[in-house]
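One structure is given below, encoded as structure tokens.
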DNA sequence: TCAAGATCGTTAGGTCACCTAATGATGCGA
DNA sequence: TCGCATCATTAGGTGACCTAACGATCTTGA
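Residue numbers (the working numbering), protein chains in the order written: chain A, 1 to 156; chain B, 1001 to 1156.
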């Protein structure tokens, strides 16, 4: 992945065949940006989903696994393995929630916060490559639209 | 998947934790729309990637597998299996390209075109659910932005 | 002309994230 | 207290992707 621009020169029939297929565009752009992010994150030994979890924990210290799963739309089984790995690597830890002993309260460690900081810088780079050709105004507009699609506009 | 609205009520910390992470938003919206489409397509025995290939073939009759792969960003190995299945089901067929006998020329059958037609109606339904809450003007804007991101704006 | 290298389709083996169904521990309402 | 819901976990399966290899074929250049 040495390309500056993440979507270089796709062949022609695209624009005709898929000009109206928003689901397809979303799916492909999503997969593409995810892959790009994964490549940039590789030196940190992190994957995009893992960064999302670290970020969620930074914002919601002590979240339960259930909260993370439904907040980030990630798989519950995947999260179990992810937290196992985080604990092995000292990035986060599971504590027991005293008021509900079924649930865990997941906390970042100092190292986890450090890694998150590094990952977020790379996230900016992804956005730069992904939206590079777009003027700032379009970028803001796109961002607003994406958030409204996920129904997340209630709180900005 | 009985929900009318594809992105119902996500938990709270989202908007704060990910308000700026465009790559994450794209990736999740993309996966989500893909999943919704897959569910709607299930009765036809088709998956989203398969519809994309059928659609590509409808627009570029006799395309080679290489063209499909690079045109749709799908995996070459996956396409091999997909075309095997299409031929079994009588939706498409591989012919030999006489001017380059390494390459195949893939053609839709009449049945393939029929199935594509049915699938495209469902595609409209996906867009309706995905972008339902958005005013038409925003929908158009979003569409334009997505296409410009993929560098597909040269021909609309 | 023909040998070297590129390209097309194909196969095999691996990864990642998702899905479903089942389980034990725990909480909670009737 | 009994029954049911919920939380974390495990196991097995799927789809789409990746890389590396392979024969067949095309292309290029010595």
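Ideal Cβ placement from N, Cα and C applies to all residues, glycine included.
Nearest candidate by alpha-carbon position, reference residue i, set the options
i               : options                            : result
residue 1085(B) : 1071(B), 1023(B), 1054(B)          : 1054(B)
residue 145(A)  : 1035(B), 1141(B), 1148(B)          : 1141(B)
residue 90(A)   : 104(A), 109(A), 77(A), 105(A)      : 109(A)
residue 130(A)  : 1094(B), 1107(B), 1147(B)          : 1147(B)
residue 1095(B) : 1106(B), 1088(B), 1087(B)          : 1106(B)
residue 1135(B) : 27(A), 60(A), 149(A), 58(A)        : 149(A)
residue 1044(B) : 1118(B), 1138(B), 1026(B)          : 1118(B)
residue 102(A)  : 56(A), 35(A), 143(A), 66(A)        : 66(A)
residue 1114(B) : 1035(B), 1038(B), 1051(B), 1024(B) : 1051(B)
residue 33(A)   : 1080(B), 1025(B), 1034(B)          : 1025(B)
residue 23(A)   : 1076(B), 1087(B), 1137(B), 1027(B) : 1027(B)
residue 1036(B) : 1126(B), 1104(B), 1058(B), 1097(B) : 1126(B)
residue 99(A)   : 64(A), 123(A), 122(A)              : 64(A)
residue 1078(B) : 1087(B), 1049(B), 1132(B), 1088(B) : 1049(B)
residue 1042(B) : 1128(B), 1122(B), 1139(B), 1138(B) : 1122(B)
residue 68(A)   : 88(A), 139(A), 104(A)              : 104(A)
residue 1021(B) : 128(A), 133(A), 138(A)             : 128(A)
Integer-rounded CB distance, given that residue j should sit under 8 Å from residue i
i              : j               : result
residue 92(A)  : residue 112(A)  : 5 Å
residue 72(A)  : residue 56(A)   : 6 Å
residue 47(A)  : residue 38(A)   : 6 Å
residue 162(A) : residue 1030(B) : Because chain A spans 1 through 156 in this model, residue 162(A) falls outside it and cannot be assessed.
8 Å Cβ cutoff, residue i in contact with chain B
i              : result
residue 141(A) : yes
residue 26(A)  : yes
residue 22(A)  : yes
residue 33(A)  : yes
residue 148(A) : yes
residue 145(A) : yes
residue 138(A) : yes
residue 134(A) : yes
Cutoff 8 Å: residue i Cβ touching any chain A Cβ
i               : result
residue 1097(B) : no
residue 1017(B) : Residue placement at residue 1017(B) is flagged as unreliable, the pLDDT there being 48, under the threshold of 50; the coordinate-derived value follows with that caveat. Yes, residue 1017(B) counts as interfacial toward chain A.
residue 1131(B) : yes
residue 1112(B) : no
residue 1039(B) : no
residue 1011(B) : Note on residue 1011(B): pLDDT 46, under 50, position unreliable in the model; the coordinate value appears next. Cβ-Cβ to chain A under 8 Å: yes for residue 1011(B).
**OP:** Pull out every residue of the stretch 1115 to 1129 of chain B whose Cβ sits closer than 9 Å to any Cβ of chain A, in chain order.
**Re:** 1120, 1123, 1124, 1126, 1127
**OP:** Note down, one range per segment and in chain order, each alpha helix (DSSP H) of at least 4 residues found wholly within the stretch 67 to 147 of chain A.
**Re:** For the stretch 67 to 147 of chain A, whole alpha helix (DSSP H) runs of length 4 or above, ordered along the chain, are 76 to 89, 110 to 131.
**OP:** Determine which residues of the stretch 1074 to 1094 of chain B have a Cβ less than 8 Å from any Cβ of chain A, and write them out in chain order.
**Re:** none
Original post:
Which residues, in chain order, does the stretch 44 to 73 of chain A contribute to contact with chain B at a C-beta distance below 7 Å?
Top reply: 48, 52, 55, 56, 59, 60, 67, 70, 71, 73
**OP:** Could I get the ranges of all uninterrupted alpha helix (DSSP H) runs contained in the stretch 36 to 70 of chain A, with 4 residues as the minimum, in chain order?
**Re:** 48 to 59
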